[in-house]
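Visitor: If you read the sequences in order, they're chains A and B.
Positions in the first sequence are counted from 1; adding 4 to them yields my numbering.
Positions in the second sequence are counted from 1; adding 4 to them yields my numbering.
Think of the CB as a built atom: it goes at the ideal place given N, C-alpha and C, for glycine as much as any other residue.
I'd like to ask some things about the structure below.
There are 2 protein chains.
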Amino acid sequence: MAESSTRTVERALVLLGAVCDAGSLSLADAAREAELSASTALRLLRTLEGTGFVRRDPVGAYRPGLRVVQLGAQALGHESLVSLAEPALERLVRQTGESAYLSVPSHDGEGVYLAMREGTHSVRHASWVGRSIPLEGTAVGAVLTGSPPAGGFVVVRDGIEADVTAIAAPVSPGGRPAAALSVVVPSYRITDAGARRIGALVAQEAAALLTRAGDPAVHTTRGERA
Amino acid sequence: MAESSTRTVERALVLLGAVCDAGSLSLADAAREAELSASTALRLLRTLEGTGFVRRDPVGAYRPGLRVVQLGAQALGHESLVSLAEPALERLVRQTGESAYLSVPSHDGEGVYLAMREGTHSVRHASWVGRSIPLEGTAVGAVLTGSPPAGGFVVVRDGIEADVTAIAAPVSPGGRPAAALSVVVPSYRITDAGARRIGALVAQEAAALLTRAGDPAVHTTRGERA
DNA sequence: CCGTGGCTTTCACTTATTGAAACGTCCTTT
DNA sequence: AAAGGACGTTTCAATAAGTGAAAGCCACGG
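Written out as structure tokens, the structure reads:
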């Protein structure tokens, strides 16, 4: 019974996702991407357009709309984890000079970068908030899916991305991993000892995140409207 | 015939918007907000949940999901205007010490803050990216909807928000305003002369945005996938 | 000049959405 | 303690609503 869903809505959301992933998509491409007939895709995209979730650029191609930006930004703001993690990311960057990320498991078996702080080295790992990352074969994935790693952190050298080493630690309120803190380093720059040192830092920050956190269920909830 | 739309999808999107606006909503509240029967709302929310657009917190309430954050962040990243405006906002803050915003008209007759830079004064205007602002009675609204203001900028003292003065200038590629740059100052701190000074800065930055911009239609478009 | 591919509209089919109603549960009220 | 109310959930028959094939248009390229 978990399988209740509205086909129309699902299709529209797939379409929306496709447009956002691509950044810009023609009707025909969008239809192909979502495996829909052109007429259906057109109708759904029009609906999305009417509500501001997509817009058409001068050329007629579909682009993510402002509503997406708006809701996304709002949601990010409400994400207590993000604000909670910011200082930790900041500290990790200061202590290591490398880029640091906060990521959480997504609904589809991947992970998403929720927040990041760029490293200070001129050669640094660069990604972006909102980026999807696979869970298989990544340090982040290992700590998000697996049991608490020995030592508190996981190091993956040249996993999905070549030439980079990722060091991740789980944020596990109540034992189950809910998020991951990670530092990503160009592989050439790091030794085993260095990885252990950073790992310790990451693990420590990940653990500390929880103690500072209040109940995750405290949010500003608007209860107006009759 | 602009009125083609799919009711189901529209409803789902309204629901999604309601959840995101509120940050957290019970099923009953969401249903009321969207004017839907509980059963319909439940079904649609389940669909949104299945696709990651909303999630349920431990209490069972609906929250914006990761997909929203992800797509929003992606969309923000693709927004060339934002990256284009960042340096301008930065400069405005440095020159004035006040918070500076980039906003664009939304689809529903309001405006949205697309980017912002917080001022350096300890008492400063604080808002957030994604925030909706009315166009009526605001400086931003004036420059977004009206014709090019004399002097290049508009000052609104104690408009929608009490005790703050907003100074906005239009970014008008090809004559029609597409976005607004604005600086918002606590009213007590500013004189008419000061407003004019800031106005000149804002207007100048707004104008300069365009010259630096290439064709707004240049984006990184991924064209893979058969 | 004709063919190809994309965008759009139309329309008959029927599938998929809908909302009232009923149920169980958990609080609050009396 | 019992009654009342609100909420989340499920069921089900009516039908409103979404679907996709087909055809028309337009623009482009050979």
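Quick one: does T12/A have its CB under 8 angstroms from some CB of chain B?
Guide: For T12/A, the answer is yes, since a Cβ of chain B falls inside 8 angstroms of its Cβ.
Visitor: Pick from L213/B, S84/B, T51/B and A166/B: whose alpha carbon is nearest that of G141/B?
Guide: The candidate whose alpha carbon is nearest that of G141/B is A166/B.
Visitor: Closest Cβ-Cβ distance between D196/B and chain A: below 8 angstroms?
Guide: Answer no: the Cβ-Cβ gap between D196/B and chain A never drops below 8 angstroms.
Visitor: Going by DSSP, what residue range makes up the beta strand (DSSP E) through A184/A?
Guide: From DSSP, the beta strand (DSSP E) with A184/A extends over A183 to P190.
Visitor: Give me the DSSP bridge partner(s) of I137/A.
Guide: Note: I137/A sits in a beta bridge opposite G115/A.
Visitor: Evaluate Y192/A with the Cβ neighbour count: other Cβ atoms within 10 Å of its Cβ, from every protein chain shown; 16 or more gives buried, anything less gives exposed.
Guide: By the neighbour-count rule (16 or more Cβ atoms within 10 Å), Y192/A is not buried but exposed.
Visitor: Based on the DSSP secondary-structure assignment, which residues constitute the bridge partners of V175/B?
Guide: Answer by DSSP bridge pairing, in chain order: A183/B.
Visitor: Which residues bound the beta strand (DSSP E) around P109/B?
Guide: S103 to P109 is the extent of the beta strand (DSSP E) around P109/B.
Visitor: If you draw a straight line from the C-alpha of S232/A to the C-alpha of L75/A, how long is it?
Guide: Residue numbering for chain A in the displayed model covers 5 to 230; residue 232/A lies beyond these limits and cannot be assessed.
Visitor: Any C-beta of chain B sitting closer than 8 angstroms to the C-beta of T55/A?
Guide: Interface residue, yes.
Visitor: Do the region 46-57 of chain B and the region 84-94 of chain A make contact, defined as three or more Cβ pairs closer than 8 angstroms?
Guide: With a cut-off of 8 angstroms, the region 84-94 of chain A and the region 46-57 of chain B do not count as touching, because too few Cβ pairs lie within range.
Visitor: Check whether chain A comes within 8 angstroms of G69/B, counting only Cβ atoms and requiring the distance to be less than that.
Guide: Yes, its Cβ sits closer than 8 angstroms to a Cβ of chain A.
Visitor: From the beta carbon of G163/B, is the nearest beta carbon of chain A less than 8 angstroms away?
Guide: No, G163/B lies away from the interface with chain A (no Cβ there is under 8 angstroms from its Cβ).
Visitor: Would you decide whether S43/B is buried or exposed? Buried here means 16 or more other CB atoms lie within 10 Å of its CB.
Guide: Burial call: exposed.
Visitor: Taking all protein chains shown into account, decide if P181/B is buried (16 or more other Cβ within 10 angstroms of its Cβ) or exposed.
Guide: Answer is buried; the Cβ neighbour count reaches 16.
Visitor: Name, going along the chain, the residues of the region 129-149 of chain A whose beta-carbon falls closer than 9 angstroms to a beta-carbon of chain B.
Guide: Answer in chain order: W132, V133, G134, R135 and S136.
Visitor: Considering Cα atoms alone, identify which of D162/B, I137/B and P190/B is closest to A184/B.
Guide: Per the Cα distances, I137/B.
Visitor: Expressed to the nearest angstrom, what Euclidean distance is found between the alpha-carbon atoms of S151/B and E39/B?
Guide: When rounded, the distance between both Cα atoms is 38 angstroms.
Visitor: Please report the distance separating the alpha-carbon of S94/B from that of E53/B.
Guide: Correcting the residue type first, residue 94/B is Glu in the shown sequence and not Ser. Approximately 38 angstroms, taken between the alpha carbons.
Visitor: According to DSSP, simplified to helix, strand and coil, what is A146/A?
Guide: A146/A: helix per DSSP, three-state reduction.
Visitor: Could you round the C-beta distance between V189/B and T169/B to whole angstroms and report it? I think they count as a contact, below 8 angstroms.
Guide: Rounded, the Cβ-Cβ distance is 5 angstroms, consistent with contact.
Visitor: Against chain A, with Cβ distances strictly below 8 angstroms, would R180/B count as a contact?
Guide: So, not an interface residue.
Visitor: Give the C-beta separation of A210/B and V175/B to the nearest angstrom, bearing in mind that I take them to be a contact with Cβ-Cβ under 8 angstroms.
Guide: Going by Cβ atoms, the distance from A210/B to V175/B rounds to 5 angstroms, so yes, they are a contact pair.
Visitor: Given this structure, state the Cα-to-Cα distance separating E37/B from V18/B, to the nearest angstrom.
Guide: Rounded to the nearest angstrom, the two C-alpha atoms are 9 angstroms apart.
Visitor: How many Å lie between V206/B and A130/B at the Cα?
Guide: Distance between the alpha carbons of V206/B and A130/B is about 18 angstroms.
Visitor: For L29/A, tell me which candidate among T12/A, A154/A, E14/A and V58/A has the shortest Cα-Cα distance.
Guide: Residue V58/A is the option with its Cα nearest to L29/A.
Visitor: Look up T10/B in the DSSP assignment and say whether it is helix, strand or coil.
Guide: T10/B falls in the coil class under three-state DSSP.
Visitor: Taking V116/A as the query, report the chain B residues whose CB atoms sit under 8 angstroms from its CB, ordered along the chain.
Guide: Here the neighbours are L70, V73 and Q74.
Visitor: Using a C-beta cutoff of 8 angstroms, does H111/B count as contacting chain A?
Guide: At least one chain A Cβ lies under 8 angstroms of H111/B.
Visitor: Identify which residue in V187/A, V63/A, E14/A and A154/A has its Cα closest to the Cα of L31/A.
Guide: Of the listed residues, the one whose Cα sits closest to L31/A is V63/A.
Visitor: Please go through the same chain and pick out, in chain order, the residues whose beta-carbon is closer than 8 angstroms to the beta-carbon of T100/A, but skip the five residues on each side of it.
Guide: Here the set comprises G123, V187, V189, I202 and L205.
Visitor: Is the beta carbon of V127/B within less than 7 angstroms of some heavy atom of the ligand GTP?
Guide: Judged by which ligands are present, the structure shown has none, so any question about the ligand GTP falls away.
Visitor: Return the first residue and the last residue of the alpha helix (DSSP H) that V97/B is part of.
Guide: That run of the alpha helix (DSSP H) goes S84 to T100.
Visitor: Closer than 7 angstroms by C-beta to R161/B: which residues in its own chain qualify, once you throw out the five before and the five after it? Chain order, please.
Guide: These residues qualify, in order along the chain: T169 and S191.
Visitor: Check whether the Cβ of R95/B lies closer than 8 angstroms to any Cβ atom in chain A.
Guide: By this cut-off, R95/B is not an interface position.
Visitor: Enumerate in chain order the residues of its own chain whose CB-to-CB distance from D61/A is below 8 angstroms, with the five nearest sequence positions on each side excluded.
Guide: Hits under 8 angstroms: S28 and R67.
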